[in-house]
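In what follows, a single structure is set out as structure tokens and then discussed.
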Amino acid sequence: MRLALLARNANLYSHKRIVAAARARGHEIDVIDTLRCYMNIASHRPEVRYRGRALDGIDAVIPRIGASVTFYGLAVLRQFEMMGVYPLNESVAIGRSRDKLRCLQLLSRKGIGLPVTAFAHATSQADDLIDMVGGTPLVIKLLEGTQGIGVVLAETRSSAKSMIEAFGGVEANILVQEFIKEAGGSDIRAIVIGGKVIAAMQRTGGPGEFRSNLHRGGKAKEVKITPEERSTAVRAAKILGLNVCGVDMLRSNHGPVVMEVNSTPGLEGIESATGMDVAGKIVEFLEKNAKPGKTATRGEG
Ligand code: ADP
Ligand code: MG
1 MRLALLARNA NLYSHKRIVA AARARGHEID VIDTLRCYMN IASHRPEVRY
51 RGRALDGIDA VIPRIGASVT FYGLAVLRQF EMMGVYPLNE SVAIGRSRDK
101 LRCLQLLSRK GIGLPVTAFA HATSQADDLI DMVGGTPLVI KLLEGTQGIG
151 VVLAETRSSA KSMIEAFGGV EANILVQEFI KEAGGSDIRA IVIGGKVIAA
201 MQRTGGPGEF RSNLHRGGKA KEVKITPEER STAVRAAKIL GLNVCGVDML
251 RSNHGPVVME VNSTPGLEGI ESATGMDVAG KIVEFLEKNA KPGKTATRGE
301 G
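Spelled out as structure tokens, the structure:
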């Protein structure tokens, strides 16, 4: 196969691993800098151009679109879809997962366990919002935050109110969420590929840190997940339409609750914690599934 890895930085661990795994399995792969792609969107024959020439003959594209370039990156991916190139994850599905509110709304509609979560724009009813999630302690999240930045813990009602008002003052969209204390600063990330959990790790934040993100100093170890956690992760991936994703769950008193679904999971933490060749599994998935014109959405929606 001829593959294109859509990414800004070819030197990231995950990107190097995917390139190596693809080459080891006998495929051709190029790293294409997302922001350097350009295209004529009005043409009858859609194409993506790069360094002065059209990118053609590509069997599948592996989008690794960073949060900061979501808008442009998804437009480029959509263009590949319109050309009939198979995407590892579709643009629409990535879009669903990037917006935490949209993601939780879709999961909630299908009965996936979630932390009690409220959303508002006007912040004049901070007290009611706090009551809706069962009072403090509670967690406040920026809608499009990532890597733990933009997630804060409010322990008292007065701090929760002032944080809600402060975010409101800068017109930020926020989620107010029940704090799952019993998770003890740990969460579970299950990597789902093609409808199966292929690896899972438990991440635990540093001392005094409730956020378990590895970017915030969290530590990862392999974990055996329960059948309920496994089916929750698989169902979440299916609902969002993601072929490959990391489903992040908290172990709450009432079973697993999904916090978010990451359509571009980092590979370093999970591969070193579990010893699993996740990059190889991704390439294997493409070998089985990448067929021209097999995109379900072709950039619609
Ligand atoms: P980000 O997209 O920035 O990673 P998350 O929603 O995943 O944001 O939150 C970051 C971390 O904070 C999680 O990995 C988890 O450890 C902790 N956390 C988030 N929400 C809650 C919650 N409702 N209760 C307890 N811990 C939480
Ligand atoms: Mg997270």
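Going letter by letter, the sequence shown gives residues 1 to 301 in the working numbering.
Ideal Cβ positions, reconstructed from N, Cα and C, are used throughout, including at glycine.
How about residue i: is its Cβ closer than 7 Å to a heavy atom in the ligand MG?
i: Asp-30; result: no
i: Glu-260; result: yes
i: Asn-243; result: no
i: Asp-248; result: yes
Distance check for residue j and residue i, CA to CA, integer angstroms please.
i: Thr-204; j: Thr-274; result: 15 Å
i: Lys-100; j: Ala-22; result: 31 Å
i: Leu-242; j: Glu-90; result: 7 Å
i: Ile-62; j: Arg-216; result: 26 Å
i: Lys-288; j: Gly-148; result: 34 Å
i: Leu-250; j: Arg-17; result: 28 Å
i: Gly-280; j: Ala-120; result: 42 Å
i: Cys-37; j: Ser-159; result: 45 Å
i: Asp-127; j: Lys-221; result: 39 Å
i: Val-151; j: Ala-172; result: 13 Å
i: Val-31; j: Ser-263; result: 18 Å
i: Ile-302; j: Cys-245; result: Because the chain is modelled from 1 through 301, residue 302 falls outside the range shown and cannot be assessed.
i: Phe-80; j: Leu-12; result: 23 Å
i: Arg-109; j: Ser-231; result: 16 Å
i: Lys-161; j: Glu-144; result: 21 Å
i: Cys-103; j: Ile-29; result: 31 Å
i: Leu-77; j: Arg-157; result: 44 Å
i: Gly-269; j: Val-283; result: 19 Å
Leaving out five residues on either side along the sequence, give the residues of the same chain with a beta carbon under 8 Å from the beta carbon of residue i.
i: Phe-167; result: Thr-123, Ile-140, Leu-142 and Ile-174
i: Glu-209; result: Gly-185, Arg-216, Gly-217 and Gly-218
i: Lys-196; result: Val-234
Per DSSP, which one or two residues make a beta bridge with residue i?
i: Pro-292; result: Answer is none; Pro-292 lacks a bridge partner.
i: Ala-154; result: Leu-138
i: Pro-46; result: Per DSSP, none; premise fails for Pro-46.
i: Gln-177; result: Thr-117 and Val-139
i: Ser-186; result: Thr-204
i: Glu-260; result: Asp-248
i: Ile-149; result: Thr-146
Is the beta carbon of residue i within less than 7 Å of some heavy atom of the ligand ADP?
i: Gly-205; result: yes
i: Thr-146; result: yes
i: Ile-180; result: yes
i: Gly-150; result: yes
i: Ser-212; result: yes
i: Asp-127; result: no
i: Ala-183; result: yes
i: Pro-46; result: no
i: Pro-115; result: yes
i: Asp-187; result: yes
i: Gln-202; result: no
i: Val-133; result: no
i: Val-139; result: yes
i: Gln-177; result: yes
8 Å is my cut-off, CB to CB: does residue i come that close to chain B?
i: His-254; result: Annotation note: the requested chain B is absent from the structure, which comprises a single protein chain.
Enumerate in chain order the residues of its own chain whose CB-to-CB distance from residue i is below 6 Å, with the five nearest sequence positions on each side excluded.
i: Ala-67; result: Thr-146
i: Gly-266; result: Ser-14
i: Gly-206; result: Gly-217
i: Asp-187; result: Arg-203, Ser-212, Asp-248 and Leu-250
Note down, in chain order, each residue of its chain lying with its Cβ closer than 7 Å to the Cβ of residue i, except the 5 sequence neighbours on either side.
i: Leu-35; result: Arg-8, Val-69 and Tyr-72
>> Quick check for students: name the residue ranges of the alpha helix (DSSP H) that lie wholly in the stretch 192 to 257, counting only runs of 4 or more.
In response: The stretch 192 to 257 contains these whole alpha helix (DSSP H) runs: 227 to 240.
>> Which runs of the alpha helix (DSSP H) at least 4 residues long sit entirely within the stretch 2 to 82? Give them in chain order.
In response: Correct list: 13 to 24 and 70 to 82.
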